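Per the numbering used here, residue 1200 is the first one in the sequence shown, and the count goes up by one each step. Down below is the structure, laid out as structure tokens.
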Amino acid sequence: MIQGLRRSGTTILWETLRSVRNVKCYDEPFHPRLADGARQNHKGTWAEFSELLSSYPSMVPEPIQPAEELDPVYTPAQKAWLGALCASHTPVVIDIVRGWNRTPSLHVDCGDVLNVHLVREPASWVAAHLLPTGAPTFRRRVAGVYRRVSFFHRRGFYDNYQYQTIIDAALEQDHPVFNHVSLSRAELSLAPAYVKLLAFWWGANCTLAQRLAAADSPQLTIALGAFSRQPDAEIARIAEAAGWADPRASTATVKVGRPTYAEQSPRWRAAARRLGLPETLFNTVGQDSESLSGIFEVGGAV
């Protein structure tokens, strides 16, 4: 199970593992559009779903809506859907980007599971939401100028991947995802979007890591930067942990990420101090996978 937040690089890791022979791969099984009947997407990652669901029409995909990610309780139908995917092939790789608050209880009936916790560096992850990419239309170019000018003081206009919806709901609910940061809910409500995103990135990753540790569930932490720089080595780590003899994964499409927008700004470390995050997370060299292992497990109480 590839576990991570949206825009963390889970798709490129999933695509790389998709190239391994005799492995069946499923991408975003709880996507609402898949549950609504869509069988293809712009990424071209639902071919396996299309084949499976056409062969077994009685199988019904189950969604997790954006704000529902905050609820730690899964439904029996969600559990059954994931279990059916796990039972469809051996081995199987599933990219889950909506299960940070339900793992590992959501897949307790899936047999032996290795959770690969993929983490994109915080400044890079925040920038991916504040400066989303897309087709270079005139409207998008104009919006892009505003997004850059307002990067560090904008309070909204970052819902391309639904995290503004999720964060607003979490603040309204006084959700425990923010128990991991030192700012109060009232202070976070008034903070700019980049601070809110940093707080959520930290809290969601802490929640996932601590629940995996509490369940003594097999897990492996992978830093996206490390994977992009040395994909073969990181795939070898996954293969060893999963017990795969020789994965022979194709890593030709894995590219080193571009520098993060304003990554040298002192605002990142200032925000980390306000939130109580380790400032080492903002080292310009980036975190390696080993140094991230365990950092979230001591990131505050759930």
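Heads up, the beta-carbon is just placed ideally off N, CA and C, and yes, glycines get one too. Predicted, not measured: the structure shown is a model, and the values here were computed from it.
| Check | Outcome |
| --- | --- |
| Which residues DSSP lists as bridging residue 1201, in chain order | 1294, 1315 |
| Reference residue 1317; option with closest CA among 1488, 1494, 1498 | 1488 |
| Cβ-based neighbour list, residue 1265, same chain, cut-off 6 Å, excluding 5 preceding and 5 following | 1361, 1364, 1365 |
| Bounding residues of the beta strand (DSSP E) (the contiguous stretch that carries residue 1336) | Run containing residue 1336: none; DSSP gives neither H nor E here. |
| Residue 1389 classed as buried or exposed, judged by whether at least 16 other C-beta atoms fall within 10 angstroms | exposed |
| Buried versus exposed call for residue 1334 [16 or more other C-beta atoms within 10 Å across all chains shown] | exposed |
| Span separating the alpha-carbon of residue 1441 from that of residue 1313 | 6 Å |
| Range covered by the alpha helix (DSSP H) that runs through residue 1209 | 1209-1217 |
| Span of the alpha helix (DSSP H) around residue 1242 | Premise fails: residue 1242 is in no alpha helix (DSSP H) and is neither H nor E. |
| Residue of 1385, 1411, 1383, 1480 minimising C-alpha distance to residue 1298 | 1411 |
| Outcome for residue 1209 when other beta-carbon atoms lying within 10 angstroms are tallied against a minimum of 16 | buried |
| DSSP three-state assignment for residue 1302, whether helix, strand or coil | coil |
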